[in-house]
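The sequence shown maps to residues 17 to 381 in this note's numbering. Think of the CB as a built atom: it goes at the ideal place given N, C-alpha and C, for glycine as much as any other residue. Below is one structure, written out as structure tokens; the observations come after it.
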Amino acid sequence: MTIGIGGAGGKIATVLDPGATLVNVSETELNKLPETGRRILAVVHDARGQFRGSRKNPVIGRDAYQSVRRELLGLIQGTTVFSSTGGGTGNGITASLLEELAKAEDIPPVDKTRFALILPFANMEPAEFTRNTIDFLQNPLSAAIDSGTTGNIFLFSNRLKFESRLREDRFNAMIADSLKVFEAVPDKNDELVLLDGHIDHEDFELFTGRPYFNHFTYFDYDPESPFGDQLEANANPLLLRPETPIETLFLLEVPSGGDPTILYDILAHFIGIDVSPVYSVVENPNITTPFITVSLLYSRKPAELLDDFNHISEAHTRAKVKKSLEQHVALPRLEVSMTKEAARATKERGDADDVLQVLRRIGKL
Ligand SMILES: Nc1nc2c(ncn2[C@@H]2O[C@H](COP(=O)(O)OP(=O)(O)OP(=O)(O)O)[C@@H](O)[C@H]2O)c(=O)[nH]1
Ligand SMILES: [Mg+2]
17 MTIGIGGAGG KIATVLDPGA TLVNVSETEL NKLPETGRRI LAVVHDARGQ FRGSRKNPVI
77 GRDAYQSVRR ELLGLIQGTT VFSSTGGGTG NGITASLLEE LAKAEDIPPV DKTRFALILP
137 FANMEPAEFT RNTIDFLQNP LSAAIDSGTT GNIFLFSNRL KFESRLREDR FNAMIADSLK
197 VFEAVPDKND ELVLLDGHID HEDFELFTGR PYFNHFTYFD YDPESPFGDQ LEANANPLLL
257 RPETPIETLF LLEVPSGGDP TILYDILAHF IGIDVSPVYS VVENPNITTP FITVSLLYSR
317 KPAELLDDFN HISEAHTRAK VKKSLEQHVA LPRLEVSMTK EAARATKERG DADDVLQVLR
377 RIGKL
């Protein structure tokens, strides 16, 4: 099952799963989504939030969490939760969920909740989205990871959307389609002729129930060239780049009559970096070249996480932050001088106008 929280979370969850449960503080935003499974309206104390969302303020999302807490905690077992980290609703509600999970007792792998997070492309998105994301990565997310009580965490990035100027619905479909390829791994094991190894639904659940970041990707595999180079060149452009994996899983599909022993070069690559993969090889009559779906589980500390996120921001964001700092310093100075100016004008004219009136007239209030 799928749960979508906030604007981005709701939209992507619906594309992936027509029966998704959607959570939002904004009735307007919920009503814009196609008819799906359950809709949960979270209630905020600030009445304006009910129509306008959390206005990029996670405090409002956190407040609204209290009204949906019980229902959500009863629903999340074994599901994937979609949320952006930049806005107020998705960030606030998902952060609260993660904080609660961080305090939970041991959760069996089948009941673990996976999180698919949409990170902003800081170069081109408002600064609030970046600030909210930094706070989310540093605090609730890293606490939950340390506690080991979540399933896999997918860090999607809006970088490609902005750099390639993609339509939002098109980009959301790319995220959903990409996840579908990964999630099809156990089904392909059921349906296709097995040549080596085996990944059943339980193996897959166990793997996706591990509390690590999941970078998955898939590509046509050329057995004539080194696997490591191909993996590097075919990183999933929708996800943040992976680190050295702790665990991996792969499904290799070969055409009818294809040679399943090309598997050993891939195994050798992973053994070389001290990882023993969970894997299987199947025969797929619908393809003409070998095709691999591979997932790397890796771990990051908060500082490294920020570093990964900053990699996609870099120079432009630094310039933006510097600019806003300079503005911050300049503003009070400007205000002071305007007040002084008004006081001087009042004095000079010697009439009944007080400072406030002068300021009003020159459009400062
Ligand atoms: N990929 C993708 N990103 C989106 C979409 N909608 C919003 N975003 C991104 O999500 C972040 C904003 O979060 P939203 O999900 O809109 O915010 P929210 O959780 O509804 O919170 P509020 O609107 O502040 O109440 C920004 O980084 C947007 O670029 C979408 O449909 N697809
Ligand atoms: Mg919203």
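DSSP state of residue i mapped onto helix, strand, coil
i, result
"residue 346", "Because residue 346 carries a pLDDT of 39, less than 50, the predicted location of this residue cannot be relied on, and the following value inherits that uncertainty. Looking at residue 346 - three-state DSSP - the assignment turns out to be helix."
"residue 214", "coil"
"residue 228", "coil"
"residue 233", "strand"
"residue 133", "strand"
"residue 56", "strand"
"residue 272", "coil"
"residue 51", "coil"
"residue 313", "strand"
"residue 173", "strand"
"residue 255", "strand"
"residue 182", "coil"
"residue 61", "coil"
"residue 353", "Here the model assigns residue 353 a pLDDT of 49, short of 50, so the residue's position is not dependable and the matter cannot be decided."
"residue 121", "coil"
"residue 70", "coil"
"residue 156", "helix"
"residue 94", "coil"
"residue 28", "helix"
"residue 128", "coil"
"residue 434", "The structure shown does not extend to residue 434, since the chain is modelled only from 17 to 381, so the question has no answer here."
"residue 261", "coil"
"residue 167", "coil"
"residue 106", "helix"
"residue 188", "helix"
"residue 115", "helix"
"residue 320", "helix"
"residue 76", "helix"
"residue 199", "helix"
"residue 194", "helix"
"residue 289", "coil"
Sheet register partners of residue i (DSSP bridge)
i, result
"residue 139", "Per DSSP, none; premise fails for residue 139."
"residue 21", "39, 99"
"residue 145", "Residue 145 pairs with nothing; no bridge assigned."
"residue 14", "Absent from the structure is residue 14, since the part of the chain shown begins at 17 and ends at 381."
"residue 308", "235, 268"
"residue 209", "299"
Residue i classed as buried or exposed, judged by whether at least 16 other C-beta atoms fall within 10 angstroms
i, result
"residue 196", "exposed"
"residue 51", "exposed"
"residue 248", "exposed"
"residue 123", "buried"
"residue 188", "buried"
"residue 225", "buried"
"residue 319", "exposed"
"residue 234", "buried"
"residue 302", "exposed"
"residue 242", "exposed"
"residue 295", "buried"
"residue 280", "exposed"
"residue 79", "buried"
"residue 287", "exposed"
"residue 289", "exposed"
"residue 177", "buried"
"residue 304", "exposed"
"residue 270", "buried"
"residue 260", "exposed"
Beta-carbon gap between residue i and residue j smaller than 8 Å
i, j, result
"residue 74", "residue 111", "yes"
"residue 21", "residue 97", "yes"
"residue 55", "residue 32", "no"
"residue 191", "residue 201", "no"
"residue 101", "residue 149", "yes"
"residue 173", "residue 117", "no"
"residue 213", "residue 291", "no"
"residue 198", "residue 311", "yes"
"residue 258", "residue 231", "yes"
"residue 60", "residue 84", "no"
"residue 306", "residue 278", "yes"
"residue 227", "residue 161", "yes"
"residue 104", "residue 71", "yes"
"residue 137", "residue 175", "yes"
Check: residue i C-beta below 7 Å from any heavy atom of ligand 4
i, result
"residue 188", "The ligand content of the structure shown is limited to ligand 1 and ligand 2, which means ligand 4 is not among them."
With distances taken from each beta carbon to the nearest heavy atom of ligand 2, which residues come in below 6 Å, in chain order? 22, 23, 42, 45, 69, 103, 105
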